[in-house]
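Since the structure comes first, as structure tokens, the remarks are kept for the end.
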Amino acid sequence: MLKEIEEKLLKEKESIEKELNKFAKEDATPDNWNTKFPKYDGDLESEADEVQEYEKLLSVEYSLEKKLTDVNLALEKIKNNSFGKCEKCGKEINPERIEACPEARLCSKCN
Ligand SMILES: [Zn+2]
């Protein structure tokens with residue numbers, strides 16, 4: 153059961169990193185990514201589009217990065233046998249919840 157979850161998390165990590173790699177660059181700090189600014193072609197009108205595009209990517213980057221952090225944390229917890237417990241109340245997280253979202257940090261009550 154735990155092995156399956158671990159594999160699922162590793163796959164998820166891989167796909168998040170792949171997604172991030174398309175438009176961002178990993179920072180010197182592990183798990184910190186920076187969105188690359190689109191290239192200018194000197195045209196003011198397209199510059200505005202690029203800023204808009206950049207802002208959109210920034211928010212995508214933010215949510216992917218957050219998810220990646222949670223996935224990594226869940227993998228850590230598997231390693232040190234604390235996986236499946238709510239970070240707030242310490243109770244076991246409902247297995248169905250873990251099934252749907254293995255990187256969940258809180259039980260459904262605390263979430
Ligand atoms: Zn809880």
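So the number in the numbering used here is just where the residue sits in the sequence shown, counting from 1, plus 152.
Beta carbons: idealized from backbone N, C-alpha and C, even for Gly.
So what does DSSP say about residue i, is it helix, strand or coil?
i, result
"Asn-224", "helix"
"Glu-164", "helix"
"Glu-255", "coil"
"Lys-188", "coil"
Straight-line CA distance for residue i to residue j?
i, j, result
"Lys-261", "Asn-232", "24 Å"
"Leu-209", "Ala-176", "9 Å"
"Leu-225", "Gln-204", "32 Å"
"Asp-179", "Trp-185", "5 Å"
"Leu-216", "Glu-239", "21 Å"
"Lys-229", "Phe-235", "5 Å"
"Pro-190", "Glu-197", "14 Å"
Between residue i and residue j, which are expected to be in contact by the criterion C-beta below 8 Å, what is the C-beta distance as a whole number of angstroms?
i, j, result
"Leu-220", "Leu-161", "No, Leu-220 and Leu-161 are not in contact; Cβ-Cβ is about 11 Å, not under 8 Å."
"Ala-256", "Ile-245", "6 Å"
"Ile-168", "Val-223", "7 Å"
Using 6 Å as the cut-off, classify the Cβ of residue i as near or not near the heavy atoms of ligand 1, replying yes or no.
i, result
"Cys-241", "yes"
"Cys-259", "yes"
"Cys-253", "no"
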